[in-house]
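Taking it in order: structure first as structure tokens, then the write-up.
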Amino acid sequence: MYVSFALIVLIGMALRPRRTVFRVAGAALCSSVLFFIVTNFGEWLGPLYPHTLAGLRADFVAAIPFFRNTMLSDLVYSFAFFGIYDSAGRVARRRAARLGETAHRTT
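In my numbering, each residue's number is its place in the sequence shown (first place is 1) plus 1.
See below:
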């Protein structure tokens, strides 16, 4: 599971230079799929499923209902967090510009 978190961090770092709606959505979906694959493969390695191709398939099939919710929540929270971050940046830039204008008027 920690491997998937580390890889998701790398996806986020790759997204950093140029954030767009499509890149955020793509990163959220890639992260969901990556987490699904890594964690379910790890679950298959445990004692719950037989270590056969049929056991691997059963493990992944059993996890599909949970994947839908994971994917939807990743999309919602990604857009919420990036939206708040971008909005806060815009507000900060506007305030900085106003402070700069005020400083020029007083001198």
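Think of the CB as a built atom: it goes at the ideal place given N, C-alpha and C, for glycine as much as any other residue.
Can you give me the start and stop residues for the alpha helix (DSSP H) that residue i sits inside?
i   : result
L16 : 3-16
G43 : 22-46
Using the Cα positions of residue i and residue j, report the straight-line distance between them to the nearest angstrom.
i    : j   : result
I12  : N70 : 20 Å
L100 : A89 : 16 Å
T53  : G84 : 44 Å
F36  : R19 : 23 Å
S33  : I9  : 9 Å
Y3   : F80 : 23 Å
T21  : D87 : 11 Å
D60  : F68 : 12 Å
R94  : R17 : 19 Å
G56  : R96 : 58 Å
D44  : F82 : Correcting the residue identity first, residue 44 is Glu in this sequence and not Asp. About 30 Å.
Buried or exposed for residue i, going by 16 or more other Cβ atoms inside 10 Å?
i   : result
S74 : exposed
L49 : exposed
A1  : The structure shown has nothing for residue 1, since the chain only spans 2 to 108.
From the options, pick the residue whose C-alpha is nearest to that of residue i; which is it?
i   : options            : result
S5  : A64, T40, V92      : T40
I38 : P51, F23, A64, R24 : A64
R58 : G47, M72, F42, A7  : F42
Pop quiz: residue i and residue j are said to be a contact at Cβ under 8 Å. What is the actual Cβ separation, rounded to whole angstroms?
i   : j   : result
A15 : L76 : 18 Å between Cβ atoms; not a contact.
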